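Visitor: The following block contains the structure, expressed as structure tokens.
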Amino acid sequence: MKSDFYRKMKRFSVKILIVLVLFTTFAEIDSVKIDKVIGATKKSFVEFNFENKFATPFKASGKSMTLKIDNTTAAEGTFSLLASGRKQIDDGVLLDVTNLIDYANEYIITLYVYQKSSKLQRFVVSSEIETKSGKENKLLCEKVIIPNSWKKLDASLNLTELKGIKKVWLKVYVPTSTTNFYVDLFTLKVAGSSHLIKFESFEDKNIAGFISQDKKCKLSISKEKAYQSTYSIKLQQTAKRQNTTVILPVKGTFERGKNYSISFYVYQPILKSLNLAVGVRFLENGKSTREIVLEKVAVPKNKWTEVFASYTPSLDSKIKDFVIFIRPLSDISYYYFDNFTISDDGWYSAVPDLDLPSLSEKYKNYFKVGVAVPYKALTNPVDIALIKRHFNSITAENEMKPEAIEPYEGTFNFSIADEYLNFCKKNNIAIRGHTLVWHQQTPSWFFENPQTGEKLTNNEKDRKILLERLKKYIQTIVSRYKGRIYAWDVVNEAIDENQPDGFRRSEWFNILGPEYIEKAFIYAHQADPNALLFYNDYSTENPIKREYIYKLIKNLKEKGVPIHGVGLQCHISVSWPSVEEVEKTIKLFTSIPGIKVHITEIDISISKEFGEDIDEETKRYLLIQQARKLKDLFEVFKKYKNVVTSVSFWGLKDDYSWLKGDFPLLFDKDYQPKFAFWSLIDPSVVPEE
Numbered sequence: 001m002k003s004d005f006y007r008k009m010k011r012f013s014v015k016i017l018i019v020l021v022l023f024t025t026f027a028e029i030d031s032v033k034i035d036k037v038i039g040a041t042k043k044s045f046v047e048f049n050f051e052n053k054f055a056t057p058f059k060a061s062g063k064s065m066t067l068k069i070d071n072t073t074a075a076e077g078t079f080s081l082l083a084s085g086r087k088q089i090d091d092g093v094l095l096d097v098t099n100l101i102d103y104a105n106e107y108i109i110t111l112y113v114y115q116k117s118s119k120l121q122r123f124v125v126s127s128e129i130e131t132k133s134g135k136e137n138k139l140l141c142e143k144v145i146i147p148n149s150w151k152k153l154d155a156s157l158n159l160t161e162l163k164g165i166k167k168v169w170l171k172v173y174v175p176t177s178t179t180n181f182y183v184d185l186f187t188l189k190v191a192g193s194s195h196l197i198k199f200e201s202f203e204d205k206n207i208a209g210f211i212s213q214d215k216k217c218k219l220s221i222s223k224e225k226a227y228q229s230t231y232s233i234k235l236q237q238t239a240k241r242q243n244t245t246v247i248l249p250v251k252g253t254f255e256r257g258k259n260y261s262i263s264f265y266v267y268q269p270i271l272k273s274l275n276l277a278v279g280v281r282f283l284e285n286g287k288s289t290r291e292i293v294l295e296k297v298a299v300p301k302n303k304w305t306e307v308f309a310s311y312t313p314s315l316d317s318k319i320k321d322f323v324i325f326i327r328p329l330s331d332i333s334y335y336y337f338d339n340f341t342i343s344d345d346g347w348y349s350a351v352p353d354l355d356l357p358s359l360s361e362k363y364k365n366y367f368k369v370g371v372a373v374p375y376k377a378l379t380n381p382v383d384i385a386l387i388k389r390h391f392n393s394i395t396a397e398n399e400m401k402p403e404a405i406e407p408y409e410g411t412f413n414f415s416i417a418d419e420y421l422n423f424c425k426k427n428n429i430a431i432r433g434h435t436l437v438w439h440q441q442t443p444s445w446f447f448e449n450p451q452t453g454e455k456l457t458n459n460e461k462d463r464k465i466l467l468e469r470l471k472k473y474i475q476t477i478v479s480r481y482k483g484r485i486y487a488w489d490v491v492n493e494a495i496d497e498n499q500p501d502g503f504r505r506s507e508w509f510n511i512l513g514p515e516y517i518e519k520a521f522i523y524a525h526q527a528d529p530n531a532l533l534f535y536n537d538y539s540t541e542n543p544i545k546r547e548y549i550y551k552l553i554k555n556l557k558e559k560g561v562p563i564h565g566v567g568l569q570c571h572i573s574v575s576w577p578s579v580e581e582v583e584k585t586i587k588l589f590t591s592i593p594g595i596k597v598h599i600t601e602i603d604i605s606i607s608k609e610f611g612e613d614i615d616e617e618t619k620r621y622l623l624i625q626q627a628r629k630l631k632d633l634f635e636v637f638k639k640y641k642n643v644v645t646s647v648s649f650w651g652l653k654d655d656y657s658w659l660k661g662d663f664p665l666l667f668d669k670d671y672q673p674k675f676a677f678w679s680l681i682d683p684s685v686v687p688e689e
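So the sequence shown is numbered by full-length UniProt numbering: it starts at 1 and just counts up by one.
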């Protein structure tokens, strides 16, 4: 019952959406029309899909450039717009939207682009606005596009505050090269209807990319019947076969992991009832491989009937191209369909682009590339897809800390930790254990007398109680996961450079002194002799703190304590520390024989010095600086690949970060790669400024 209600509500929403779009569209059309182009003036939804084989009203911005309609590739249908002959990197495709949009509304701009060069290219959408005060250029969108794949660009245009507008141009270009490129499905829509992906009312007298599977069947624009307004598509069947399938290619339109609704209206004046199927058919190398019928509908005689279906492309799907099909299940000589709509039911959801180059694959000859994730990420198929694509090591963000594993003495809870291990085994991903001993997120019972509940002191009896608890805790966990966790952060953040001896005055230290550090490593090694054991800390680039850590590790090593490396957390910012200080830290620690380095918790804050309330221009500048710094850091890590064997980011995407309101990671809140990501794949696509 619940699913039926949900489907009915989706149908109702789509119907209301169509009515609103149509009402706004036809209420706003004035006497000025664009000849032979999809769309008319002052519309709330305008789409250019180039199936009418006209490039107008688009123009070339470079003198040597040419724009032409091409059938080599298309995001949908058969044709797209090819921009060729570019001589300058700012040569591009122009669209005059002065008379297309209502300046009182904010518009969402979407378009699909394609480039066939052998390299990554950065695409830009910008606006040029002429007012009585002069001209204003603004960057609206920029995105790195991989070769040979249709990808969507999204931008917004808000002119509601501008006065005296005389001209508004939109421009698409590629500032990274003079390569040719293609554009398709260029859409402008009022922000409130941004979830509407496609709406075809056929009022432009264009069949909009629909194809009859039987070439002898005729698809044409007809005035005989229409659901609303004047025109519809009429399918006239052949005499021999009267149930021909109609298809609409949707190569680049649908994103994996999102839910879409497909809706259209059908009219037939012949049969008492026409059974009609709608579905998707997958293609590989231009050949059909599999099809799914999404819905079957009975269309009564002489009545416009809605056909409604929904579809969610699988996140794991490797088939990039497919078509939507409409197929009569009975012989019928002709019928009509109108108001074809595709909407994104999850317009507030986001999914990653799984075609991006893999980060872990890029650095497979240097070190593991890891990520710290909360448990919720292991229950989210979208997060899982991103993890599997880019990382070959993970760290449990909080779920393997003492308060999560043993909240009460003698009561161990391994259920969540086990899920991390099972996930990693299933997906062939390594796992770092974090963390065994820490002054935070450790239950208070560790430091309380089991009989009286009073705080332990540093007398011998209390010291013995705490050492026994430490040993039992460490060995219970490490032995449980013996051979399955490749490295442990055994002791975390035990150094405080403000103390005269450099040791943090934690409960561990106050009761046991520095001995607890040595014992923790010994206990862990006894439980799993093959696991790599690390001391982990932040601000290791601070010269004073760095020296204290160096002396601690050197002393442990000289005493024969089984310690194998230092974890540099690398919670840093765009301005501190310098890359040179990071390199000094690596050189100093690895001067101790047998010591390796893991970068365990890297993130780069852009708000630490500048605050969260920064404008878009400043934010873009800082994100570029972030990318440059990360690229330079990775060059250092690669330089020391013999000792730097793992690099882990502290968070999957910005809104998962512990630095709330900041932008410190590789992916934004919508799973989109930032300049930081691209700086590690191909720095040439990162802007200079």
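Beta carbons: idealized from backbone N, C-alpha and C, even for Gly. Note that this is a predicted model, so its numbers are computed, not measured.
1. Tell me the DSSP secondary structure of Trp438 in three-state form.
2. If you run the structure through DSSP and keep just helix, strand and coil, what is Phe322?
3. Should Arg290 be labelled buried (16 or more other beta-carbon atoms within 10 Å of its own) or exposed?
4. Of all the options Thr312, Phe667 and Glu47, which has the alpha carbon lying nearest to the alpha carbon of Leu359?
5. Grouping DSSP H, G and I as helix and E and B as strand, with all else coil, what is Phe675?
6. Per DSSP, which residues does Ala277 bridge with? Please list them.
7. Under the DSSP definition of a beta bridge, which residues are partnered with Gln110?
8. Can you give me the start and stop residues for the alpha helix (DSSP H) that Gln625 sits inside?
9. If you run the structure through DSSP and keep just helix, strand and coil, what is Thr179?
10. If contact is defined by three or more beta carbon pairs under 8 Å, each pair taking one atom from either stretch, is the segment 172-185 in contact with the segment 199-209?
11. Against chain B, does Pro313 count as a neighbour if the rule is that its beta carbon must be under 8 Å from one of theirs?
12. Taking only the alpha-carbon atoms, compute the straight-line gap between Lys554 and Leu139 and give it to the nearest angstrom.
13. Can you tell which of Asp321, Arg327, Tyr481 and His195 has the C-alpha that lies nearest to the C-alpha of Asp344?
14. In this structure, does DSSP put Ala350 in helix, strand or coil?
15. Restricting to Cα atoms, I'd like to know which of Thr230, Gln213, Ala155 and Tyr103 is closest to Asp204.
16. Do the segment 69-80 and the segment 94-103 make contact, defined as three or more Cβ pairs closer than 8 Å?
17. Going by DSSP, what residue range makes up the beta strand (DSSP E) through Ser222?
18. Would a C-beta distance cut-off of 8 Å place Val561 and Ala524 closer than the cut-off?
19. Measure how close the beta-carbons of Leu100 and Val373 come, nearest whole angstrom, since I'm counting them as under 8 Å.
20. Tell whether a beta-carbon distance below 8 Å holds between Val293 and Leu276.
21. In chain order, what residues of the same chain have a beta carbon less than 8 Å from the beta carbon of Ser61, not counting five sequence neighbours either side?
22. Compute the Euclidean distance between the alpha carbons of Ala527 and Ser679, then round it to the nearest angstrom.
23. Let me confirm a value: Glu601 is counted as buried when at least 16 other C-beta atoms fall within 10 Å, else exposed. Which label applies?
24. Would you tell me roughly how many angstroms separate the C-alpha atoms of Lys189 and Ile108, rounded to the nearest one?
25. Compare the C-alpha of Ile465 against each of Phe412, Lys596 and Tyr516 and name the closest.
26. If you run the structure through DSSP and keep just helix, strand and coil, what is Val561?
27. Compare the C-alpha of Asp537 against each of Pro529, Thr56 and Glu547 and name the closest.
28. Per DSSP, which one or two residues make a beta bridge with Gln121?
29. Could you check whether Val437 and Asn492 sit closer than 8 Å to each other, using their CB atoms as the reference points?
30. Under three-state DSSP, which class holds Ser31?
31. For a test of the three-state rule: what should DSSP assign to Asp496, helix, strand or coil?
32. Return the chain-ordered list of same chain residues with a C-beta closer than 7 Å to the C-beta of Phe412, the five sequence neighbours on each side being excluded.
33. Along the chain, where does the beta strand (DSSP E) that runs through Asp338 open and close?
34. Could you tell me which of Lys629, Asn105, Ser263 and Ile549 sits nearest to Thr160, measuring between CA atoms?
35. Just the C-alpha distance for Glu128 and Lys167, rounded to the nearest angstrom, thanks.
36. Near Arg469, which residues of its chain fall below 8 Å by C-beta distance, leaving aside the five closest residues on each side in sequence?
Guide: On the basis of the coordinates in this document:
1. Note: Trp438 maps to strand in three-state DSSP.
2. If DSSP states are grouped into helix, strand and coil, Phe322 belongs with the strands.
3. Classification for Arg290: exposed.
4. The shortest C-alpha to C-alpha distance from Leu359 to any of Thr312, Phe667 and Glu47 is the one to Phe667.
5. Here Phe675 sits in helix by DSSP.
6. Checking the DSSP bridge columns, you'll see Ala277 partnered with Lys296 and Arg327.
7. First, the amino acid is wrong: residue 110 is Thr here, not Gln. Residue pairing by DSSP puts Thr110 in a beta bridge opposite Asp154 and Thr187.
8. Annotation for Gln625: the continuous alpha helix (DSSP H) segment containing it runs Glu616 to Lys639.
9. DSSP, reduced to helix, strand and coil, places Thr179 outside both helices and strands of the structure shown, so it counts as coil.
10. Put simply, the segment 199-209 does not touch the segment 172-185. Fewer than three CB pairs are less than 8 Å apart.
11. Going by chain labels, chain B is absent from the structure shown, which holds only one protein chain.
12. Cα-Cα distance, rounded: 53 Å.
13. Among Asp321, Arg327, Tyr481 and His195, the Cα nearest to that of Asp344 is on His195.
14. Residue state, collapsed to three classes: coil.
15. Considering only alpha carbons, the answer is Thr230.
16. They do not touch, by the three-pair rule.
17. Segment Lys218 to Ser222, the beta strand (DSSP E) holding Ser222.
18. The Cβ-Cβ distance between Val561 and Ala524 does not fall below 8 Å.
19. Incorrect: roughly 44 Å between the Cβ atoms, too far for contact.
20. Not in contact: Val293 and Leu276 (Cβ atoms no closer than 8 Å).
21. Setting aside the 5 residues that flank it on each side, Ser61 is surrounded in the same chain by Asp90, Asp91, Gly92, Val93, Leu94, Lys171 and Tyr173, each with a C-beta closer than 8 Å to its C-beta; the list follows chain order.
22. Spanning the alpha carbons of Ala527 and Ser679 requires a straight line of approximately 40 Å.
23. So Glu601 ends up on the buried side.
24. Taking the straight line from one Cα to the other gives about 5 Å.
25. From the listed residues Phe412, Lys596 and Tyr516, the smallest Cα separation to Ile465 is found for Tyr516.
26. Val561 sits in coil when the DSSP states are folded into three classes, being neither helix nor strand.
27. Looking only at Pro529, Thr56 and Glu547, the smallest Cα-Cα distance to Asp537 is reached by Glu547.
28. Under DSSP, the beta-bridge partners assigned to Gln121 are Ile145.
29. It is a contact, given that the beta carbons lie within the stated cut-off.
30. Residue confidence is low: Ser31 scores 25 on pLDDT, short of 50, so the model does not pin down where it sits. Its coordinate-derived value is still stated next. In the structure shown, the three-state DSSP call for Ser31 is coil.
31. Looking at Asp496 - three-state DSSP - the assignment turns out to be coil, as it is neither helix nor strand.
32. Correct list, in chain order: Ile405, Glu406 and Thr476.
33. Run containing Asp338: Tyr334 to Asp344, per the beta strand (DSSP E) assignment.
34. Proximity to Thr160 across Lys629, Asn105, Ser263 and Ile549 peaks at Asn105, based on C-alpha coordinates.
35. If you draw a straight line from the Cα of Glu128 to the Cα of Lys167, it is about 8 Å long.
36. Contacts found: Glu409 and Phe446.
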